[in-house]
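The structure appears below as structure tokens.
Numbering (this note's numbering), first residue to last: 69 to 182.
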């Protein structure tokens, strides 16, 4: 995986792109569960992501939802997340708008599915 670009200016755009196939296996699994409207292992999965950092495109509260990406050998939720936007469909399961962060919201990659 290439290093993310750190957005010091807090631009309203994600910091970089990552192809779905280059995501960690655990992140790929989370996106598949989102699309299938499946059940998640963590109670906070599916909760509103407030975008307080301002690194994702500005949207109304409730537009983004966050999901835990399991980190091997870590006993807590860890730092990795998928943040899903509702997109044009208004539904995180069908929007195709997914962002990956490996460092608990300091940087994001927009997931590109081919």
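Ideal placement from N, C-alpha and C gives every residue a C-beta, glycine not left out.
Bear in mind that the values here come from a model prediction, so they are computed numbers and not experimental data.
Among the options, whose alpha-carbon lies nearest the alpha-carbon of residue i?
| i | options | result |
| --- | --- | --- |
| residue 148 | 177, 87, 116 | 177 |
| residue 110 | 161, 144, 179, 159 | 144 |
| residue 156 | 131, 140, 167 | 131 |
| residue 163 | 88, 103, 92 | 103 |
Tell me the DSSP bridge mates of residue i?
| i | result |
| --- | --- |
| residue 123 | Beta-bridge pairing links residue 123 to no other residue. |
| residue 85 | 178 |
Given a threshold of 16 other Cβ atoms within 10 Å of its Cβ, counted over all protein chains shown, does residue i qualify as buried or as exposed?
| i | result |
| --- | --- |
| residue 175 | buried |
| residue 116 | exposed |
| residue 153 | buried |
| residue 180 | exposed |
| residue 85 | exposed |
| residue 182 | exposed |
| residue 142 | exposed |
| residue 79 | Note that residue 79 has pLDDT 39, beneath the 50 cutoff, so the model's placement of it is unreliable and the number below is only indicative. With fewer than 16 Cβ atoms within 10 Å of its Cβ, residue 79 is classed as exposed. |
| residue 76 | Any reading at residue 76 must be qualified, since the residue scores a pLDDT of 38, below 50, and its modelled position is unreliable; no value is offered. |
| residue 95 | buried |
| residue 165 | buried |
| residue 73 | Bear in mind that the predicted position of residue 73 carries a pLDDT of just 43, short of 50, making it too unreliable to give a figure here. |
| residue 81 | Its pLDDT being 42, under 50, residue 81 is placed unreliably by the model, and nothing is read from it. |
Contact the stretch 96 to 108 vs the stretch 135 to 146: 3+ CB pairs below 8 Å: Yes, the stretch 96 to 108 is in contact with the stretch 135 to 146.
Meets three-Cβ-pair contact criterion under 8 Å: the stretch 165 to 173 and the stretch 139 to 154: Contact between the stretch 165 to 173 and the stretch 139 to 154 is present, because at least three Cβ pairs lie under 8 Å.
Entirely enclosed beta strand (DSSP E) segments - the stretch 101 to 181, minimum 3 residues: 132 to 136, 149 to 153, 165 to 169, 177 to 180
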